[in-house]
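Just so you know, we're using my numbering here: the sequence shown kicks off at 1 and counts up by one.
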Amino acid sequence: MPTGATAIMCPFHRDDNKQLSVDGLSLGAIAKQYGSPVYVYSAAGITDAFTRFQNAVAPVNGKVYFAMKANSALGILALIGKLGGGMDIVSAGELARAIAADIKPSDMVFSGVGKTNDEIRQALACGIGQINAESPAEVAAISTIAQEMNILAPVALRVNVDVSPSTHAKISTGQRNTKFGISTNQREACKIYQQMAEDPHISPAGLAVHIGSQIRDLAPFERAYSALLALAIELRDAGWPVPNLDLGGGVGIDYDTAGPTDFTEYGLLVQRLFAGQGFHLGFEPGRSIIANNGALVTRVIYVKHSDEKRFIIVDAAMNDLLRPTLYEAHHAIWTLDEPNISTSKADIVGPVCETGDYLGLDRDMPNLNAGDGLAILSAGAYGATMASNYNSRSPAAEVMVIDGTAHLLRAARPIADYINDEMVPNFAPISK
Ligand code: LLP
Numbered sequence: 001m002p003t004g005a006t007a008i009m010c011p012f013h014r015d016d017n018k019q020l021s022v023d024g025l026s027l028g029a030i031a032k033q034y035g036s037p038v039y040v041y042s043a044a045g046i047t048d049a050f051t052r053f054q055n056a057v058a059p060v061n062g063k064v065y066f067a068m069k070a071n072s073a074l075g076i077l078a079l080i081g082k083l084g085g086g087m088d089i090v091s092a093g094e095l096a097r098a099i100a101a102d103i104k105p106s107d108m109v110f111s112g113v114g115k116t117n118d119e120i121r122q123a124l125a126c127g128i129g130q131i132n133a134e135s136p137a138e139v140a141a142i143s144t145i146a147q148e149m150n151i152l153a154p155v156a157l158r159v160n161v162d163v164s165p166s167t168h169a170k171i172s173t174g175q176r177n178t179k180f181g182i183s184t185n186q187r188e189a190c191k192i193y194q195q196m197a198e199d200p201h202i203s204p205a206g207l208a209v210h211i212g213s214q215i216r217d218l219a220p221f222e223r224a225y226s227a228l229l230a231l232a233i234e235l236r237d238a239g240w241p242v243p244n245l246d247l248g249g250g251v252g253i254d255y256d257t258a259g260p261t262d263f264t265e266y267g268l269l270v271q272r273l274f275a276g277q278g279f280h281l282g283f284e285p286g287r288s289i290i291a292n293n294g295a296l297v298t299r300v301i302y303v304k305h306s307d308e309k310r311f312i313i314v315d316a317a318m319n320d321l322l323r324p325t326l327y328e329a330h331h332a333i334w335t336l337d338e339p340n341i342s343t344s345k346a347d348i349v350g351p352v353c354e355t356g357d358y359l360g361l362d363r364d365m366p367n368l369n370a371g372d373g374l375a376i377l378s379a380g381a382y383g384a385t386m387a388s389n390y391n392s393r394s395p396a397a398e399v400m401v402i403d404g405t406a407h408l409l410r411a412a413r414p415i416a417d418y419i420n421d422e423m424v425p426n427f428a429p430i431s432k
């Protein structure tokens with residue numbers, strides 16, 4: 001198993017007064033200062049996770065590119081950059097964010113199945129380290145643009161090795177029936193790699209694979225990495241340069257305990273397969289670096305008892321954390337104050353007008369009243385980045401605790417800003 005609680009504790013813990021805290025600061029105090037709901041991150045936790053991932057892949061000289069789709073707050077990107085991380089980006093928007101966070105373009109990998117010409121141009125213009133192409137048409141587009149720009153484009157091929165990662169269907173990417181990568185079947189990937197290597201506008205950068213996310217078993221990684229390695233060796237033996245292998249992200253976390261992820265076994269697997277093989281290795285972890293180092297703090301608005309159920313209606317909603325309803329994801333929900341012993345079942349729901357607007361169903365929760373605080377754990381990854389302003393709700397602020405002090409990373413966007421972005425056409429008078 002790549003995951004499991006280690007000696008390092010969850011960054012969210014009870015202080016001496018039994019208040020849920022991070023790095024000595026109570027989450028209740030943070031919510032008082034910055035408003036509720038609010039995402040709260042632990043800089044110490046992120047530093048610890050990132051450093052342990054780096055150490056786990058250090059014996060094979062692995063370079064870590066944080067998958068910023070998991071969390072793209074500039075403050076977090078800058079912290080990871082300071083720790084020596086590059087970025088895995090998937091759009092011109094993420095490129096702009098990475099540049100704003102002072103990440104060197106040569107430390108970026110551009111992934112994604114549908115890069116537009118404009119995005120390819122921007123990435124090449126700033127000197128991106130590697131573009132992972134996912135179709136023959138995309139390779140052709142990159143080549144044409146590189147020719148126009150009179151540069152050599154560093155392109156790796158993302159391959160589809162047809163491995164099922166045993167995770168939620170919506171975050172599985174490794175099987176043939178998904179839109180991702182170029183099939184290693186029928187020699188397609190080999191043929192395209194050779195064409196790419198012969199292209200005067202492309203510098204072949206190697207191969208990439210990413211089979212899915214929240215993978216808690218090493219076996220699918222082993223199958224996918226072994227297939228990738230076999231193909232890489234075959235291409236290299238045929239005389240083509242294959243400098244880099246990008247092993248993607250996907251290491252799963254423990255959503256029950258919200259504890260830290262142990263990367264030791266994953267690192268050992270990678271060493272066993274790749275040590276001494278002569279490839280530069282890249283990794284793209286997202287969730288395992290940030291998820292359990294962030295919580296969504298919310299307050300109870302009302303408690304309502306229906307015939308069948310107790311509903312705890314809170315001020316966070318599906319627009320702040322889409323995962324429970326989109327993936328049936330389980331996030332631990334803890335009280336900010338000391339929990340009383342007796343609990344009963346409750347649904348923790350938001351104010352949005354949909355039955356799917358919930359953060360947790362059928363949870364054992366203590367007696368709660370309006371104003372009480374809750375933390376939705378493991379919300380550091382795919383929380384703020386998947387937030388929306390549905391129901392015209394203002395996306396929550398993001399705060400990072402660094403050395404016991406809270407720092408605002410992004411203010412809650414006032415709805416007035418959205419309204420100011422909009423135009424009302426001058427309608428012709430309606431004739432009656
Ligand atoms: N590399 C590539 C090419 C990816 O597509 C992804 C995630 C990653 C790396 C990072 O994977 P991670 O280490 O975070 O598992 N919204 C979903 C997750 C979607 C993941 C998409 N790709 C969720 O909330 O579970």
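In this text, a Cβ means the ideal position worked out from N, Cα and C, and glycines have one as well.
Check	Outcome
Pairwise C-alpha distance: A406 and G81	20 Å
Member of D262, A98, Y358 and T261 whose CA lies at the smallest distance from the CA of A329	Y358
Where the beta strand (DSSP E) through L374 begins and ends	G373 to I376
Cβ-Cβ separation, A56 to F263 (assumed contact under 8 Å), whole Å	4 Å
Cα-Cα separation between G383 and D15, rounded to whole angstroms	25 Å
DSSP bridge partner residues for R510 (one or two, in chain order)	No information on residue 510 is available, as it lies outside the stretch 1 to 432 that the chain covers here.
Candidates G380, K345 and R393, of which the one nearest L45 by Cα	Note on residue identity: the sequence assigns Gly, not Leu, to residue 45. Of the listed residues, the one whose Cα sits closest to G45 is G380.
Rounded straight-line distance, which links the Cα of R310 to that of S106	53 Å
Three-state class that DSSP yields for D501 in the structure shown	The first residue shown for the chain is 1 and the last is 432, placing residue 501 beyond what the model contains.
Nearest to I253 (by Cα), restricted to the options D102, R393, G294 and S378	S378
Residues near G286 by beta carbon distance below 7 Å, same chain, minus five either side	F66, A67, K69, A70, G249 and A381
Sequence-distant residues of its chain with Cβ nearer than 6 Å to I202 (five each side left out)	S143, A153, V155 and M196
DSSP three-state assignment for T144, whether helix, strand or coil	helix
Heavy atom of the ligand LLP within 8 Å of I341 beta-carbon	no
Whole-angstrom C-beta distance between T261 and V251, which should lie under 8 Å	7 Å
Assigned secondary structure, F221 (DSSP; H/G/I helix, E/B strand, else coil)	helix
Range of the contiguous beta strand (DSSP E) that encloses Q130	Q130 to A133
Close beta carbons around P414, own chain, < 7 Å, minus the five adjacent residues each side	S394
Exposure label - R187; buried when at least 16 CB within 10 Å	exposed
Among D307, G259 and G129, nearest to P11 - alpha-carbon criterion	G259
Assumed close pair K63, G86 - CB separation to whole angstroms, cut-off 8 Å	6 Å
Reduced DSSP category for E338 - H, G, I as helix; E, B as strand; rest coil	coil
Cutoff 6 Å; reference S306; Cβ partners in own chain excluding five residues on either side	none
Cβ contact check for the stretch 161-171 and the stretch 208-219: 3 or more pairs under 8 Å	yes
Contact test: V90 Cβ vs the ligand LLP heavy atom, cutoff 8 Å	yes
Reduced DSSP category for L83 - H, G, I as helix; E, B as strand; rest coil	coil
T298 - containing beta strand (DSSP E), residue span	G294 to H305
Cutoff 9 Å: G252 Cβ touching any chain D Cβ	In the structure shown, chain D does not exist; there is a single protein chain.
8 Å contact criterion, which T385 and D364 should meet: CB distance rounded	No, T385 and D364 are not in contact; Cβ-Cβ is about 30 Å, not under 8 Å.
Beta-carbon gap between I312 and F50 smaller than 9 Å	no
Beta carbon of R299 nearer than 9 Å to that of D320	no
Simplified DSSP assignment, three categories, for N420	helix
S91 versus N17 - alpha carbon distance	45 Å
Beta-carbon spacing of V159, S183 below 9 Å	yes
Residue range of the unbroken alpha helix (DSSP H) whose run includes G282	Not the alpha helix (DSSP H): G282 falls in the beta strand (DSSP E), residues H280 to F283.
Three-way DSSP call (helix, strand, coil) for T3 in this model	Confidence at T3 is low in this model, with a pLDDT of 40, below 50, so the placement of that residue should be treated as unreliable; the coordinate-derived value is given next. It is coil, neither helix nor strand.
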